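Comments concern the structure below.
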Amino acid sequence: MFKLYGKFFAIHLRSQMQYKTSFILTVLGQCLTSFGAFLSIYFLFARFHQVEGFVFQEVLLCHAVVLLSFSLAEIVFRGFDTFAGIISRGEFDRFLLEPRSPMFRTLCTRMEFSRLGRLAEAGIVMAYALSTGVVVWNWAKAGVLLLMIVCGTLLFAGLFTVYASFCFFSIQGLEFMNIFTDGGREFGQYPFTVYGRRILRFFTYIIPLACVQYYPLLYLLDRAPSPWYALIPLGALLFLVPSTLFWRLGVRHYKSSGS
Amino acid sequence: MSVQNLPRFRRPYGIFLRIRFLNGLQYRAAALGGLVTQFFWGGLTICLYAAFYRSDAAAFPMTFPQLVNYIWLQQAFLALFFVWQNDNEIFDCISSGQVAYELCRPWDLYGMWFARNAAHRLSSAALRCVPVLLVAALLPAPYGLTAPASWQAFLCGLLSGVLGFLVVVAFVMLLYIATFYTLSPLGLRIAVSALSEFLSGGLIPLPFLPDGVRQVVNLLPFASMQNAPFLIYSGSVTGPAILSTMALQCFWLGILFLVGRLLMRRTLRRVVVQGG
Amino acid sequence: MIQLEHIHKSFRVARRSAGMKAALHSFLHREYTTIHALDDLSFTIGDGEIVGYIGPNGAGKSSTIKVMSGILTPDSGTCRINGRIPWRQRIEHVREIGVVFGQRSQLWWDVPVIDSFSLLQSIYSIPDTLYRQNLEELTQLLHLEELLRTPTRQLSLGQRMRCEIAAALLHSPKILFLDEPTIGLDAVSKLAVRSFIRELNQNKGTTVLLTTHDMQDIEALAQRILLIGRGRLLLDGSLQDLRRRFATGRILTLAYEGGALPQLPGIRVLTQEPGHARLALDTTCTSTADAIKSLSQQLSITDIAVEAPTAEEMVVALYKEYQI
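Protein chains in written order, with my numbering: chain A, 112 to 370; chain B, 4 to 279; chain C, 166 to 489.
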């Protein structure tokens, strides 16, 4: 399976390198997309200095973690993110004709390397945020940071999967999923506690985005009430259970409606 | 109203609007989905600014209800004022060379594309703005949409909204034209959309920018898009400033329109001569 | 062995209507209609057969293929292909079938064809030796030597179709479903595709089910025809059977000297000029041989041509008879 994935990876890379100039320009364009978000944070903090006890560098770290996770998920799990097109062009029929799991096949079908632009931008912001010394480092904290990014990526993948599963039933009206995907990226730049207790609860128990930013961030900043906060990102992975089940339900529905 | 009853010169434009609108009606789930998204988006944005307001109310460049009005108007008229809300068919038609067919039709291409883009935006806004405005108006203070400061503010806001909308479409026309020349239409579109989103006040309202930056950004054509009407409606731009804001909008509309027409003529000549 | 018994499948679709008023109305209240895509469909196809599956657009051809390839689960009825139920044992089942959709590609647009093939090798886990052997054979039979190193986007439609067919056969399937394989191809490519399918069937015993609108495909390949209309199987027989039933007319074109045209049962005069006539003959009343005999007794014929209806015209007559 890893070998097959590697083969798909190579073929995607070769495909996208066919148009090198266009590729590079698109990467540069992508670089700019999140720059506006960075500028917004910068200018707002120039005016207000802190929000709910978080200062600029701390929010920046949160922004970078979420953006890194989102861009990684966009590169790797692009097939789920663009699933409406895969369904409407009948590509999914093709997947079902092959002796592989449709989920794995969807994973393999798109890899969007031009999103490296966004990833690079997120990486630079993170490097800057860390260089300000806002976090007092030790090995455990480095591990937690990594955990935040990995779990964040998988959580976004889960959200893309939910979106894709809806596509089996209808490809209309799915714009509301943007609340959690694009919205997760936009609003997740600030620790969710900023939006009030109820919203924080929603993003903890329903869509567990706060599990990969707010709680572990408190740990990184030595403000967590308990060291267990370091492991909260793992809780976000629970989201993958219902999203996978929903995907299965979707495939079953698709096979019986064929549309 | 049937097509035949329309005055002759308006026909194609009217048809575009009608087709778009009918098309939009077919997708009621899409309309509902969009509504939910915009409502949620607006709500969270307001929560964010409420947090900043709590942290330092004195640093707020406008009153909180004014900001709330700005956000709800932005969500309600998303389709009208954001550069990325485009009719992608035109981009595809240019990149794929299909534009040759468009050139064979007996109409002025600039006007046609202008109308198409405007129709696309108007029809998707028409379906969505009323419910968003309605629900936003019903929310409790200070989170709900409130009536404008005065009827003058309302009228000027409306007029400025029309101007802002035309500025957006005229700007997108330049983007269409640039597609003829660039090697990466997608990269260009992404970059320009991101840039204009920030500079037009799509991410944070322009009054939140620090001194120095703000004055410069206010003069750019992007500030003549959503920023002007929303600020006028909510009453954070008042008095003679309204007139100068709208004069600037007219100025940019004229410039963008003229430049667009000129470039379009030159581009099409080039396309005809070189065969794409 | 393919066995379908009493397969039913229906879909619910939203009704769409034209006009502003109707659109506004359906925005608030939507009406649905049920379409019976497959309505009690049963047939059996033995190993090594080539079967032409015909019917007008929307008759249920694609739905049938989807059921047989495990993509679509029917509402009721049974389907067994080589002993398996396609939609239950999808993965084992699809290893044994190859599918070519004439309008949809399984090749990667921007990379050389050989890369797509090698990807398919991994997807189907084809052992190296078998893969090389199949590739060599297919390359030779379909004349792919020069195409393999070319990106798909640079291939002509005919070249691409040859590659598509090869791609569907790399894993040596026992059954091949071809959905309009010759659509849009030029005459040379059509002939190449047809002769390849015939050879494949003869040499390897591959079962082939072919849907097409091109009756020449059927004439060239299919020993047996299944006609489907409105989701029902209307006819199952050989092309000769069909001819006997539906190609009963002949057109006779005569050049003659002197004499008057005789009145014969089953003959209708289409055009007549001095020394020249076109006659329509119904062979159920008078056989072609008898007609020529009696004509030549009464006229001195200098030239005669007999035309049978083409397969195309026959199918038109067929659709007309079944009102589909």
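Even glycine gets a Cβ: it sits at the ideal position worked out from N, Cα and C. The structure presented is a predicted model; accordingly, all values stated were derived computationally and were not measured.
1. Check whether chain C comes within 7 Å of A/Gly201, counting only Cβ atoms and requiring the distance to be less than that.
2. Assess, as a yes-or-no matter, whether the segment 115 to 125 of chain A is touched by the segment 215 to 224 of chain A under the definition of 3 or more beta carbon pairs within less than 8 Å.
3. May I ask you to report which of helix, strand or coil DSSP gives C/Gln268?
4. Along chain B, which residues have their Cβ under 7 Å away from the Cβ of A/Val162?
5. For the candidate residues A/Phe298, A/Trp358, A/Ser337 and A/Tyr130, whose alpha-carbon lies nearest to that of A/Ser145?
6. Please work out which residues of its chain come closer than 6 Å, Cβ to Cβ, to C/Ile330, disregarding the five sequence neighbours upstream and downstream, and give them in chain order.
7. Which whole-angstrom value describes the C-beta separation of A/Ala148 and B/Leu209, a residue pair presumed to lie in contact below a C-beta threshold of 8 Å?
8. Could you check whether the Cβ of A/Leu124 sits closer than 7 Å to any Cβ belonging to chain C?
9. Distance check for A/Leu143 and A/Ala233, CA to CA, integer angstroms please.
10. Along the chain, where does the alpha helix (DSSP H) that runs through C/Tyr421 open and close?
11. In angstroms with no decimal places, state the Cα-to-Cα distance between C/Val373 and A/Glu223.
12. When you compare only the Cα positions, how much space is there between B/Arg286 and C/Pro221?
13. Cβ closer than 8 Å: which chain A residues qualify as neighbours of C/Arg297?
14. Taking all protein chains shown into account, do 16 or more other C-beta atoms lie within 10 angstroms of the C-beta of B/Val86, making it buried, or fewer, making it exposed?
15. Could you please give the first and the last residue of the uninterrupted alpha helix (DSSP H) stretch that includes C/Gln463?
16. Beta carbons nearer than 7 Å to chain B: which residues of the segment 262 to 288 of chain A have them?
17. Considering Cα atoms alone, identify which of C/Val278, C/Glu301 and C/His336 is closest to C/Gln324.
18. Under the rule that 16 or more other beta-carbon atoms within 10 Å means buried, what is B/Ile258, buried or exposed?
19. If you pair each beta-carbon of the segment 356 to 364 of chain A with each one of the segment 269 to 285 of chain A, do three or more pairs fall below 8 Å?
20. For B/Ala82, is the classification buried or exposed, using 16 other Cβ atoms within 10 angstroms of its Cβ as the cut-off for buried?
21. So is C/Ile236 in contact with chain A if we call contact Cβ pairs under 7 Å?
22. From C/Ile215, C/Pro439, C/Leu426 and C/Asp468, pick the residue whose C-alpha is nearest to that of C/Gly402; which is it?
23. Considering only C-alpha positions, which residue in the set A/Ser126, A/Phe120, A/Met112 and A/Ala121 is nearest to C/Pro316?
24. Taking a cut of 8 Å between CB atoms, which residues from the segment 213 to 235 of chain C lie near chain A?
25. Scan the segment 310 to 326 of chain A for residues whose Cβ lies nearer than 7 Å to a Cβ of chain B and list them as they occur along the chain.
26. With H, G and I counted as helix, E and B as strand and the rest as coil, what does DSSP make of C/Gly394?
27. Is there a Cβ from chain A that is less than 7 Å from the Cβ of C/Ser459?
28. Relative to the alpha-carbon of A/Thr137, which residue among B/Met228, B/Leu189 and B/Phe225 has its alpha-carbon at the smallest distance?
29. Tell me whether B/Trp255 is buried or exposed, calling it buried when 16 or more other Cβ atoms sit within 10 Å of its Cβ.
30. Work out the CA separation of B/Leu198 and C/Lys339 for me, nearest whole Å.
31. I'd like to confirm the pairing. Which residues does DSSP put opposite C/Ala442 in its beta bridges?
32. Excluding the five sequence neighbours on either side, which residues of its own chain have a C-beta within less than 6 Å of the C-beta of B/Gly278, listed in chain order?
33. Who are the neighbours of B/Pro213 on chain A, taking C-beta pairs under 7 Å?
34. When we look at the beta-carbon of A/Tyr365 and count the other beta-carbons within 10 Å, is it buried (16 or more) or exposed?
35. Along the segment 247 to 258 of chain A, what residues have a CB closer than 9 Å to any CB found in chain B?
36. Could one say the Cβ of C/Asp275 lies closer than 7 Å to chain A's Cβ atoms, at least one of them?
Looking at the coordinates:
1. yes
2. yes
3. coil
4. Ala54, Phe55 and Ser58
5. A/Phe298
6. Once the five neighbours on either side are set aside, the close Cβ partners of C/Ile330 are Val265.
7. Here A/Ala148 is actually not in contact with B/Leu209; their C-beta atoms are around 16 Å apart, not less than 8 Å.
8. no
9. Straight-line Cα distance between these residues: approximately 11 Å.
10. It is not in any alpha helix (DSSP H) - C/Tyr421 instead sits in the beta strand (DSSP E) that spans Gly414 to Glu422.
11. 38 Å
12. Outside the shown range of chain B (4 to 279) lies residue 286 of chain B, about which nothing can therefore be said.
13. Residues of chain A passing the Cβ test: none, with the nearest at roughly 17 Å.
14. buried
15. C/Gln463: member of the alpha helix (DSSP H) spanning Thr453 to Gln463, first to last residue.
16. Residues of the segment 262 to 288 of chain A with a C-beta atom less than 7 Å from some C-beta of chain B are Ser281, Gln283, Gly284, Leu285, Glu286 and Phe287, listed in chain order.
17. C/Val278
18. exposed
19. yes
20. buried
21. Yes, C/Ile236 lies at the interface with chain A (some Cβ there is under 7 Å from its Cβ).
22. Of C/Ile215, C/Pro439, C/Leu426 and C/Asp468, the smallest CA-CA separation from C/Gly402 is found for C/Ile215.
23. A/Ser126
24. Ser228, Lys231, Ser234 and Gly235
25. Ile310
26. When secondary structure is reduced to three states using DSSP, C/Gly394 falls in the strand class.
27. no
28. B/Leu189
29. buried
30. Here the alpha carbon of C/Lys339 sits roughly 57 Å from the alpha carbon of B/Leu198.
31. The partner list for C/Ala442 (beta bridge, DSSP) reads C/Leu419 and C/Gln437.
32. In this predicted model, B/Gly278 has a pLDDT of only 47, less than 50, meaning its place in the structure is not dependable enough to derive any value.
33. What B/Pro213 touches in chain A: Phe154, Ala157 and Arg158.
34. buried
35. Contact annotation: in the segment 247 to 258 of chain A, no residue has its CB less than 9 Å from a CB in chain B.
36. Taking Cβ atoms only, chain A reaches closer than 7 Å to C/Asp275, which makes this a yes.
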